[in-house]
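Read through the structure below, which is laid out as structure tokens, and then see the notes.
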Amino acid sequence: MKKIIVLFLLPFFALAQLTPQFLQLKPVYTKFVRFNYTGAIQTWTVPAGVTRIFVDVAGAQGGSAGTNVAGRGGKVSGIVTVAPGDILQITVGGQPTTNIAVYGFAGNGGRSTIFGTIARAGGGLSAISTAAPVTQANALLIAGGGGGTPTSGFAGNGGAGGGLNGISATSNYGGTPTRGGGASQTAGGVAGTPSDGNSTNPTAGAAINGGAGGIVAGASAGWNGGGGGGGGYFGGGGGAGGGNAQGSGGGGSSWTHASVVQVSNISNFNTGNGRIIIYYN
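The number in this note's numbering is simply the position in the sequence shown, starting from 1, with 756 added.
Quick look at the structure:
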């Protein structure tokens, strides 16, 4: 008998939660606009009568090479207070297919200067900001991109974009830490350490920008560069190049402005190019 009473009461309990206060925080949105990767800045003008929007922002996955899997982009969402006529700047990061980073402030992948093998660049950040280009000072939300990978199986997988903090790349090499580090809320990811000589050091992540993968000049075909770090509030670190082992790039961190409410962060979420969806009434 108790079970029957509970089943009948549940719908009434759920309806009781739809108070004006609840709907103000979690309104039912009837319209949306989606922004996909274009390789350039995009804009959205807040329509008449709109004062709150729910935004869902996903960073791009890093570039994959060989058997290694690039880090996925992170996702961040929340409610933003706006005014009609406001012009929001939309940055949607891309997933690279070569060692050259595409739009989204990721780091380039490294390469072998002799044999031409290339590691992949990191994935671009996605962001909504009040001015362009996006900076830490004008951003409202940023979703970090994932780290790119070299061709070597010793490199491991790229680090994922944050959640909040980016994730460090994995490594299948038991010696020197060649992998790029994930970014935090206060610093870029650390650069990997080359496992041997004939390598140009990779770079650490910085504000917005992912670190570059290391470049090598080894004398055999096994030498390869390191993967690039993903873009983000702080970028992921670049992976090291080398002959014994190479490193994948770290993931960029995600971030939201203090004025954004009902925030949700998910790491290792998005594959392919980034995207942004804006919901409104």
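Just so it is clear, CB atoms sit at the ideal spot from N, CA and C, and this is done for glycine as well.
Secondary-structure assignment with DSSP links ARG790 through a beta bridge to ILE1033.
In this structure the region 801–812 does not lie against the region 867–874, because fewer than three pairs of beta carbons, one per stretch, are closer than 8 Å.
Annotation: ASN928 to GLY983 spans about 14 Å, alpha carbon to alpha carbon. Taken through DSSP and simplified to helix, strand or coil, PHE810 comes out as strand. The beta carbon of THR891 sits closer than 7 Å to the beta carbons of ILE964 from its chain, once the five residues preceding and following it are set aside; these are given in chain order. Between the alpha carbons of ASP952 and ALA1001 lies a distance of about 8 Å. In the DSSP assignment, PHE990 forms a beta bridge with ALA963. DSSP lists SER882 as the bridge partner or partners of ALA899.
Only residues of its own chain outside the window of five on either side were considered, and among them THR949 have a CB closer than 6 Å to the CB of PRO933, listed in chain order. Collapsing the DSSP output to three states places PHE910 in a helix. Close CB contacts of VAL838 within its chain, under the 8 Å cut and outside five residues either way in sequence, are with VAL802, VAL806, THR807, ARG808, ILE809, LEU844 (chain order).
Burial state of LYS831 is buried, judged by a 10 Å Cβ sphere holding 16 or more other Cβ atoms. The beta-carbon distance between ILE797 and ALA888, rounded to whole angstroms, is 5 Å. This is short enough to meet the 8 Å contact definition. Restricting attention to ASN954, ASN1037, GLY795, ASN855, the CA atom closest to the CA of GLY974 is found in ASN954. Sequence-distant partners of SER940 (beyond 5 residues in either direction) whose C-beta falls short of 7 Å from its own C-beta, in its chain, are ASN921, PHE990, SER1009.
Considered as a whole, the region 797–878 harbours 798–801, 808–814, 829–837, 843–847 as its complete beta strand (DSSP E) runs of no fewer than 3 residues, in chain order. Restricting attention to GLY818, LEU881, TYR785, ARG790, the CA atom closest to the CA of ALA925 is found in GLY818. Between the C-alpha atoms of THR854 and GLY829 there is a straight-line separation of about 17 Å. Taking all protein chains in view, the Cβ of ARG867 is crowded by 16 or more other Cβ atoms within 10 Å, so the residue is classified as buried. Inter-residue distance for GLY878 and ALA804 is about 38 Å (C-alpha atoms, whole angstroms). ASN980 carries a strand assignment under DSSP once its states are collapsed to helix, strand and coil. Membership of VAL1017 in the beta strand (DSSP E) is indicated by the continuous run 1017–1026.
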